Structure formats: structure tokens, C-alpha cells
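Peer 1: Basically the working numbering = 1-based index in the sequence shown + 157.
For each residue, glycine too, the CB sits at the ideal point set by N, CA and C.
Computed from a predicted model, the values in this text were never measured in an experiment.
Structure below; questions to follow.
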Amino acid sequence: MMAINLFDIDQATRNMMPAPDDLRQRMQYLEIGPADLALLRQIHPLLRSRMQSVIEGFYQHLLNVPALRQLLGDDRAITRLRHLQSAYFHELTAGDYGEEYVRNRLRVGLVHQRIGLAPVWYIGAYRKYLADLGPLLRDLLRDRPQDFLPTYAALFKIVNFDMGLALDTYIQAGRQELLGLKNYSEQIISSMPSGVMVIDDDETVRTVNQSMLLMLGVQGDRSAQICYRELVADPTLRQHIAEGLRQRTYRGKVTVGLPEPLRHLRCCLSRTLLDNQHRLLLIAEDITEPMQARAELRDSEARFRAAFGQAAVGLAQVSCDGNWLRVNRKLLDIVGYSEAEMLQLNLSDLVTPEDWEIDAPLMRGVVAGDLQSSSREKRYLCKDGSDVWVKVTLSAMRPGADQPSLVAVIEDISQRKQFEDELMHVASHDALTGLANRMLLLDHIGQAIAQARRHQHHIALLFLDLDRFKTINDSLGHDAGDRVIVEVGRRLRQAVRAVDTVARLGGDEFVVLLADLPQERIAATMAQQILAVLFEPMLIHGHELAPASSIGISIYPKDGEDAKTLLKNADAAMYQAKSMGRGDYQFYNSEMNASTLHRLTLESGLRHAVERDELQLTYQPQVELVSGRIVGVEVLLRWHPEQQRLVMPDVFIPIAEETGLIVPIGEWVLRTACSQLVAWRQAGLPDVRIAVNLSARQFRQPGLDDMVSRVLADTGCHAGCLELEITETVLMERPDSAAQALQRLSDMGVRLAIDDFGTGYSSLSYLKRFPIHALKIDRSFVRDIPYDADDAAIAGAVVAVAHSMGLSVVAEGVETLAQCEFLRGLHCDHAQGYYFSQPLNAAALASLLRDGLVTGAQIGAA
């Protein structure tokens, strides 16, 4: 377990403590009322003596997951965590959820986030907690069964309250892999043993979990967004639901019996506020006793006999030693035997010896009553020698005879199995080439590693990337590019052995897995053959193409002992091959300079960042210092590679600039920002200006004004709402051409600003040459402005000169009230910085725009 700085944890906890009004609103949203707190306090002392068994089961569950075992640490750490978790769960039902409770929850959440515990484990933790506590609560409240559902509902509400606090820590920490709180709640609902349904006022089912569908007897995986009547057939339950929807406030309970097969459900209905809308919450518990199924089986023997012969599934009565006693027509059709032949056979005659080794103990368990039923999918051996997939369910039937027998239900699931096989093929193969995809490749690599370890052999991964494939796509079109990809895949399959695997990872990236290699040099020979085969010309749309490739090679075990490490190292070696001239192969070298390898890996990932949806935009408000209104936002780019830490812009922007990737990334940023601005406007939010930075390479690219014009036209964004920021250093590299480019943009109506003013040439005489609308004072001058006379003088001079030229001034990096007041005294127009707001995602900024003012500005104006 990694070391945690408790001082940092305490500081972060203080910074993210919700306001009391926010906590009260959360309680109100979840409808946690005095009755809920009273129920929780009643069970609190009852749970104290039983909580240890829950904790033991909880940690046994966690330790069964290898990844969590590694995070939890040694036995002493686990013992300490057991005590902490016991106190943690104990507080959950104490009924006191004030400031100290919230602070402890946030502190625990931050610790989990810092040690790398993914939010997804919260789902398992709370599911385990709720699942274990359900039977425990039912036992503790056996004398008051009417309190079980309300108590369980109260516990469910406080778990959601608790989970919301835990997830706040991930949101504040910027963990992009965190799913929305709504998704987590829905996942918890879907895994709950109790049935849950949420119904809108228009009778539409907003949420329904699988438990509820099973209780209602709905077949298949029915989605929400349908009328509740399509799911609820019982008229009594329908009546209560309709009554609950008609009333503004409603709480009710009803017990209903559902037929075919008979089930008894105890339902609790209440009006609740979810997503700012009043909805009806239905929680159901299946209270049918297990013995009722056997009683029903005895009572329905006559009906069973009548329906037996015409059933749509195979039905049979089987003796306790496995002999067929009675079979229906459907079963005979499935296996191809006559009734007389079938009655001479045993269950074991229709299955393989391996299946019978599993089936026999299960059958004995059903006969003995240890198991209520046994259900397995297997292959039955037919009379004509073929086999058929069936699902066989065995249950005990005791019709009053001295010797019990079994009922077998046999479903022909051949079509479903065929469909699953087809789905599995689609899920594991590339749609364009039919090659293995990443998922299947990783599986094959794992198998190859296991075999190589047993035989003391090697395996090799050859990571291929077509050189200049983008040129083919851009010049001949994507159809031609697809044909090239298909042909490359065909040639790779022909070039390797039958035991090898060829996979396409996407785009023009391929991987060849060479399994069971007695010598490493075979990988080099194969790489040479592949390079030669791919270099042979191919005719595509009347054009003769010879797409060379670069190959990176990693070898097991010296370059890695798991699939992901081998893939990563082969990828790094491939980019090393590209950097050394392309059209060649390169073995991974563990002595490579660490920074070079890191840069190559970043460059590789950055090339796919847009298509993998790894880039995100945040928005920092720009505030008018006189009024405190938000008048603009600056767009900030963030890169969060999948399953990696956030990469800071000062790391990846230089790589993007050097490789030219900044051009397509920059267009994506501009297009996304403009689309977001239009979306805000369409949502009725106040008009603001959006500021986007242009890098040196973007500014120098031909057709910059055409690209900006195209983005504005495509998104519907008004040119006057867009401000492009360029550093003065970039402008002064080629002042004449820069002036022309700026003039074209200005003629379109786009606003222009000089970023980080004062850190470059700072030649005020050049300002007259450029059609600039605003200057941005660099944060280095703002930091000490209230106390440093030089910084104050520079800032004052910039404001004075800018205003004399009709330019507005924006101060960057404002973090304190003193800085804000000083800039207001200089008559600086606008400011941005953490004093007003940190960079926010689009949704959070939309909420801020609705208010129109930011807290910092209001304080500063006071």
C-alpha cells in the first residue's frame, strides 16, 4: 500500500467540504427524513454485534480480487483497515450525518483515490454491503417484518448519500475515469437483490433493474423508457402505481400475488424527488418461500400431466438414479429417439463423460434436498451422432410415492448458442479485415506466454505501422485506404504460420504474434519477410501502391512478461524504427534512454488521442472587474490517456507542436469549443466570448483563416464571440506575414488578443501594426502586484497604453482578493484565475453562467 501524506489529505478535505445548505439539499433530494433516521438508529445497536461477520465477509470478497489484494497491502495493513472499515460501516447507521461525518467520509474517499483504488470498486463494496445486510436485516427484524422494507430503503438512501460524498473526492481530484453519480446509482440499483423501478409522471419507466423484471416475470432484458403497464400486469399493483402518480406526496405498501409461476411481492411505493422532478419509487421484495415451489409442484401435478405432451420445451420425469421414466414429444424431437428407445436410456447416455462428472453430484444434491434445483447448459448426444446445445434444469418432484423422482426441463438453445458464437466473433475480430482485434490478441498473447513458459521458448510481438498511410487516405480517399488495409491483412496472414496470430488494432496498426519460438532470430527473419511482402506493389483504384511499414519487435520474456508490457515495448520499438528512417524493423532495447522512450510513447498515444476521446476541454471564466459578471471563458486543453495519469499541457503540447499533431488537435479544440458555445447559447445561457489559444505552428499553417471560417460555419458560432490568443513571440517571428494573417482573421469579425504580454518583445510600437483587440497581462506580473512596485508599474503602464489605443486588458493568474482589488484600482477591464474559479468542465461552467456572477468578483466588489 502506497504511503499517504495525511497533511495533504486533511487540507484537501477542508477545501472540498460542502456547504451546510448543500448537505441539507442532498438529504432532501434523497428524501432522508426523520423517519429514516429513526429507523437507522433503531437498527444501529442491533447491528453492532453482527457487524464483525459482515466485515469478515466484505474483506474476504475484496481479497479474492488480485488487484485489490495488491492495493490493500500486507496482513497488518489489512487488519488495520478491518478496524477502520468496521467503524466506517458502523457510522453508516448511527443516524448522525453532520459535519464530522461528512469530513470523515471525504477523508476516506481521498485516501482511496490517492492509493489508486478505482471508483468501480465502490460499486462492489456497496453492493456487497447491501447484499449481506439484506438477509441480516430481515433476521434482525423478524419480529417486525413490516419495518424491513422501510429500513432497507432508508439504508439504501444513506448509502447513496455516503457514496455521493466519496465520489465528490474523485470529481474534485479530476479522475476522468469516474463515471457520473447517476451511472453508479443505476449500477447499484441493477445489482440490488430487491426490485427497483422509478416511474415518471407521464407513466414512463425511467429506471428498472433486473431483479424487478424477474419478479414481474418479464422475459429478456427490457429497457426503460416504456409505459409501466407493459411491465406490470397485476391490476392491484397498477392501481397503487396510478394512485401514487396522481398525488403530489404518496407513501404506500401493497402485497400482490403474481401468477405463472405464483410469486408474492411486498411492494413499497413513495413519491420522491429525482433529477429535480417528482417521480414514483417502487421497491419490491420477493417474499415467496422456497418451499412454496414444491407445494405448487404437488398441487399442479394434474395440470402438469395434461400439458406435458404439448409443451414447447422438452419435459421428462427421471428416476433418482438417472433413468428416463417419462418423456414428451418435444424432447424426442430434440434428441431423435423414439419413446421406447428413450425409456431404455439413462441421463448419462446423452452427455459426455466429462459432463456427467459434473451432473451426477448435482443430481444427487437435488435428490437429497441439498439443492432446490440444478440448471446447466451442455451438449446432448443425439441418435444420429450429432450433438445439440440444451439447457437442462432438474428439480425434485415428490408426488406422494415412496421414492422421489426428478422433473427435467430441456430447452433447445442451439440458435442462441449460434448467435452467441457469432456475437463473440464480432466482438473479437476486426470488422474490416476479419483479423483478431485487441481483445482477442491479448487473450492469445496470454495463452502463448503460458505455453512458452512451460516449454522454455520465446514469443515475439511485431508491431507494424504503415508508413505515410495518411497520404493514401488523403489523396485517394478512405475507400482506397480501406482496400489497402484489407490487402495488408491478407498478406500478413499468408506470411505467417498457422499457429501465429495477426491482429489489427485500428487505423493502420497491426500486430503479429509469433508463438512458440525456439530462437529469437526467427523474429528478425519474419520481420524481413513481412517488410518484403508488404513492399510488393498492389493495385488500388488503378494506382500502383507499395505501402512500406515500420516494425517494432519485443521478445518474451526479456522485454516483458505480460501482454500489455510486450505491446507497449513493441510499440516503442516501432516508433524508434520510424525515427531511424522508416521501412525497417527495430528490436526493443531496454537500454533506450528513458526520456526518449517516454516521449515516443507519448507521441504514439497523442496520435490517437482524438479518436480515442482522450482529449477534454475545460473552461476558465473571465470576469469583468467592475461588475463581477462572467464575460468570457478561456479554453484549456487536457489529455487523459486511458488507464494513465493526466498529462499536463506543458508536456504534450511541445510534442504536438514538433510533430505537427497540433494542427488537427487545434482544429478539434476550436470546433469543440465553438460547438459548446453554441450549445450554451441554445440553452438560454448568457452570451460570453470564448478564447482559444493558437500555437506557433497553428498560426503559421497555410489556410488558417479558411479553417477558422469553416469551423464557424459548421458550428453556427458567431465570429464576434470567438477570440484567438497568440503570444507576442509568435507574432514577432515574422511580423509582416503575421500582420496579414491577423488582418484576414479580423476582417472575418474574430477578436484577437496578445497572450502573455510583457514576456516577449514587448515592443509597443508594433502594436499599431496588428489589428489587436485585447492584451493579456502575464501571470508573472500579477503574482506580486500588490507588493512589488516594479510589477505594479508594468501592469499600470500596460493598462494605460492599451486603453489609450482602444484595447481591453485581461489579467491572468488572479488568485487573491488583494490582487483583484489592486487590478481594479488600475482600471484593468477583466481578470481570470483561481480567485474567481478553477477551470471547469462544460456542465459546471453552464451552472456558473446561470448565476452570472462569481463569488470572487462579488467579494472583491464588496
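In whole angstroms, what is the alpha-carbon distance linking R654 and G709?
Peer 2: The alpha-carbon atoms of R654 and G709 are separated by roughly 19 Å.
Peer 1: If you follow the beta strand (DSSP E) that V564 is part of, which residue opens it and which one closes it?
Peer 2: Note, V564: beta strand (DSSP E), 562 to 569.
Peer 1: What residue range does the alpha helix (DSSP H) around Q779 cover?
Peer 2: Segment 772 to 781 is the beta strand (DSSP E) holding Q779; no alpha helix (DSSP H) there.
Peer 1: When you compare only the Cα positions, how much space is there between I642 and A672?
Peer 2: One C-alpha to the other measures close to 24 Å.
Peer 1: Using DSSP's beta-bridge definition, name the partner residues of C477.
Peer 2: Answer is none; C477 lacks a bridge partner.
Peer 1: Confirm, please, whether the CB-CB distance from P778 to V790 is below 8 Å.
Peer 2: Contact: yes.
Peer 1: Report, in whole angstroms, the separation of the C-beta atoms of L983 and G953, which I expect to be a contact under 8 Å.
Peer 2: Contact flag correct, Cβ pair sits at about 5 Å.
Peer 1: Would you report the Cα separation of L1022 and R936, rounded to the nearest angstrom?
Peer 2: Lying before the first or after the last residue shown, residue 1022 is absent from the chain, which here runs from 158 to 1019.
Peer 1: Assign M962 to one of two classes, buried (16 or more other C-beta atoms within 10 Å of its C-beta) or exposed (fewer than that).
Peer 2: The residue is exposed, with fewer than 16 neighbouring Cβ atoms inside 10 Å.
Peer 1: Could you check the C-alpha separation between A609 and G603 for me, to the nearest Å?
Peer 2: Each residue's Cα considered, the two are about 10 Å apart.
Peer 1: Report the partner residues of I602 according to the DSSP bridge assignment.
Peer 2: According to DSSP, I602 bridges with nothing at all.
Peer 1: In terms of residue numbering, what span does the alpha helix (DSSP H) encompassing V939 cover?
Peer 2: Unbroken alpha helix (DSSP H) run through V939: 936 to 939.
Peer 1: Would you mind sorting M448 into buried or exposed? The rule is 16 or more other CB atoms within 10 Å of its CB.
Peer 2: The predicted position of M448 is uncertain, since its pLDDT is 44 and thus under 50; no value can be drawn from it.
Peer 1: Rounded to the nearest angstrom, what separates R486 and G466 at their Cα positions?
Peer 2: R486 and G466: Cα-Cα distance of roughly 6 Å.
Peer 1: The beta strand (DSSP E) spanning I536 covers which residue range?
Peer 2: Looking at the sequence itself, residue 536 is Arg, so the reference to Ile does not match. Counting along the chain, the beta strand (DSSP E) containing R536 begins and ends at 530 to 538.
Peer 1: If the criterion is Cβ atoms closer than 8 Å, does the pair L964 and H930 meet it?
Peer 2: Closer than 8 Å, so yes.
Peer 1: I'd like to know whether the C-beta atoms of T326 and Q270 end up nearer to each other than 8 Å.
Peer 2: Cβ atoms of T326 and Q270: closer than 8 Å.
Peer 1: So, A840 versus A1003, is the Cβ gap smaller than 8 Å?
Peer 2: Their beta carbons are under 8 Å apart, which means A840 touches A1003 by this criterion.
Peer 1: Between the Cα of Q382 and the Cα atoms of T364, R262, P392, L997, which residue gives the shortest distance?
Peer 2: Checked all of T364, R262, P392, L997; the closest Cα to Q382 is T364.
Peer 1: In chain order, what residues of the same chain have a beta carbon less than 7 Å from the beta carbon of L204, not counting five sequence neighbours either side?
Peer 2: Closer than 7 Å at the Cβ level, and outside the excluded window around L204, lie T250.
Peer 1: Which of helix, strand or coil does DSSP assign to D912?
Peer 2: Of the three classes helix, strand and coil, the one that applies to D912 here is strand, per DSSP.
Peer 1: Could you give the uninterrupted runs of the alpha helix (DSSP H) lying entirely in the segment 593 to 680, keeping only those of 4 residues or more?
Peer 2: The segment 593 to 680 contains these whole alpha helix (DSSP H) runs: 595 to 612, 626 to 633, 635 to 652.
Peer 1: Apart from the five residues on each side of it in sequence, which residues of its chain come closer than 6 Å, Cβ to Cβ, to L336?
Peer 2: Model confidence at L336 stands at a pLDDT of 45, short of 50, so the residue's coordinates are unreliable; what they give is reported in the following sentence. For L336, where only same-chain residues beyond five positions count, there are no Cβ hits under 6 Å.
Peer 1: Where DSSP assigns a beta bridge to Q434, which residues make up the other side?
Peer 2: Beta-bridge pairing links Q434 to L431.
Peer 1: Under 6 Å Cβ to Cβ from R332, same chain only, skipping five residues before and after it: list those, please.
Peer 2: In this prediction, R332 has a pLDDT of 47, which is less than 50 and means its spatial position is unreliable; what the coordinates show is noted afterwards. Closer than 6 Å at Cβ, skipping near neighbours: no residue.
Peer 1: Please check the pair I819 and S852, which I expect to be a contact at CB under 8 Å, by giving their CB distance rounded to whole angstroms.
Peer 2: Going by Cβ atoms, the distance from I819 to S852 rounds to 5 Å, so yes, they are a contact pair.
Peer 1: Identify every residue that forms a DSSP beta bridge with T113.
Peer 2: Because the chain here runs from 158 to 1019, residue 113 falls outside it and cannot be looked at.
Peer 1: Alpha carbons only, please: which of K285, S206, V958 is nearest the one belonging to L219?
Peer 2: Looking at the Cα atoms, K285 is the closest of the given residues.
Peer 1: Along the alpha helix (DSSP H) that carries F993, what are the first and last residues, could you check?
Peer 2: Neither: F993 is in no alpha helix (DSSP H) and is coded neither H nor E.
Peer 1: Extract the residue ranges of the alpha helix (DSSP H) inside the segment 279 to 362, only unbroken runs of 4 or more that lie entirely within it.
Peer 2: The qualifying runs are 305 to 329, 338 to 348.
Peer 1: Ordered along the chain, which non-local residues of its own chain (more than five positions away) have a Cβ less than 6 Å from that of N750?
Peer 2: With a pLDDT of 44 at N750, under the threshold of 50, the predicted position of this residue should be treated as unreliable, though the coordinate-derived value follows. Around N750: no qualifying Cβ.
Peer 1: Less than 8 Å between the C-beta atoms of N726 and Y745, yes or no?
Peer 2: Yes, these two residues count as a Cβ contact at 8 Å.
Peer 1: From the DSSP output, in three-state form, read off A1014 for me.
Peer 2: Unreliable placement is indicated for A1014, whose pLDDT of 44 sits below 50; the coordinate value is still reported in the next sentence. Of the three classes helix, strand and coil, the one that applies to A1014 here is helix, per DSSP.
Peer 1: Can at least three beta-carbon pairs, one atom from the segment 272 to 281 and one from the segment 299 to 312, be found at a separation below 8 Å?
Peer 2: Short answer: they don't touch.
Peer 1: Buried or exposed for M1045, please, with buried defined as at least 16 other CB atoms from any protein chain shown within 10 angstroms of its CB.
Peer 2: Because the chain is modelled from 158 through 1019, residue 1045 falls outside the range shown and cannot be assessed.
Peer 1: Taking the Cβ atom as the reference point for each residue, do D443 and R420 lie within a distance shorter than 8 Å?
Peer 2: Yes, the Cβ-Cβ distance between D443 and R420 is below 8 Å.
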